[in-house]
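Every number in the working numbering is 20 more than the matching position in the sequence shown, counting from 1.
Notes for the one structure printed next.
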Amino acid sequence: MNQQANSPNAVLLSAAMVVLAGVLAAGQSFAQASPVASYTTAQAERGKKAYTDACSGCHGDKMEGDGDRALPLAADQFNSQWLGRPVIGKWNFMVMNMPFDKPGELPKETYSDIMAYIMQFNGIPAGDEPFPIAPAANLLIQRRR
Ligand code: HEC
21 MNQQANSPNA VLLSAAMVVL AGVLAAGQSF AQASPVASYT TAQAERGKKA YTDACSGCHG
81 DKMEGDGDRA LPLAADQFNS QWLGRPVIGK WNFMVMNMPF DKPGELPKET YSDIMAYIMQ
141 FNGIPAGDEP FPIAPAANLL IQRRR
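Below is the structure:
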């Protein structure tokens, strides 16, 4: 009688352990498999021009922001809000909402170029791989060590 009454708990416990193991495994593969964003020098050069034309009016020549709602895209703000995180959040926000006065007006390639310029401006060195026009959900912005 007692043993039978216990068995549903045992089933629940082992189910919980399976879920926990799955969560741990997912966390591990995320940390191991996350690719690091790269960009080319050519992208950053095009991006500098596009940024100057379409973004600097609000975000500033030095990406310092307007001191109001148009946040800085460099320095402390970059280090705390962009570095070490998947870029997809900022990417989607930028592609859908920026330039603030004409959202989504730029071609995807131009948003990639601007992303390259933001990375370059923040001291991340250029590489061989371009910044993609459709970043993977786990693509990280990171300084290479
Ligand atoms: C007319 C002014 C204006 C222009 C032009 C503009 N922005 Fe913005 N940007 C803003 C404002 C205002 C916000 C904050 C929006 C909000 O909080 O909803 C913002 C937010 C952002 C953010 C999010 C920052 C963060 O840390 O979350 C990014 C990235 C960004 N802008 C990039 C760009 C890029 C790239 C361009 C040029 C293609 C651009 N913006 C052009 C006003 C502007």
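The beta carbon of each residue, even a glycine, is placed where N, CA and C say it ideally should be.
Quantities reported herein were computed from a predicted structural model and do not represent experimental measurements.
*asked:* Here's the rule I'm using: 16 or more other beta-carbon atoms within 10 Å means buried, otherwise exposed. How should Asp-133 be labelled?
replied: buried
*Kindly examine the ligand HEC and report whether one of its heavy atoms sits closer than 7 Å to the Cβ of Ala-90.*
yes
*asked:* Would Lys-68 pass as an interface residue toward chain C - the criterion being a Cβ-Cβ separation below 8 Å?
replied: Judged by its chain identifiers, the structure shown contains no chain C, having just a single protein chain.
*asked:* Alpha carbons only, please: which of Ala-136, Lys-122, Arg-105, Asp-148 is nearest the one belonging to Glu-66?
replied: Checking the sequence shown, residue 66 turns out to be Arg, not Glu. The candidate whose alpha carbon is nearest that of Arg-66 is Ala-136.
*Start-to-end residues for the alpha helix (DSSP H) that takes in Glu-65*: 61–74
_Does the beta-carbon of Gln-140, which I'm using as the reference point, lie nearer than 7 Å to any heavy atom of the ligand HEC?_
no
*For the ligand HEC, is there a heavy atom less than 7 Å away from the beta-carbon of Gly-87?*
no
*Under 7 Å from any heavy atom of the ligand HEC, does the C-beta of Asp-178 make it?*
Lying before the first or after the last residue shown, residue 178 is absent from the chain, which here runs from 21 to 165.
*asked:* For Ser-100 and Met-83, I'd like the C-alpha separation in whole angstroms.
replied: 15 Å
*For my contact list, Tyr-59 and Phe-151 are in at a C-beta cut-off of 8 Å; report their separation, rounded to the angstrom.*
4 Å
*Can you tell which of Gln-140, Ala-74, Gly-87, Leu-159 has its C-alpha closest to the C-alpha of Trp-111?*
Leu-159
*Hey, how far is the Cα of Ile-153 from the Cα of Gly-77?*
24 Å
_Cβ distance (whole Å) where Ala-57 is taken to contact Leu-126 below 8 Å_ = No, Ala-57 and Leu-126 are not in contact; Cβ-Cβ is about 19 Å, not under 8 Å.
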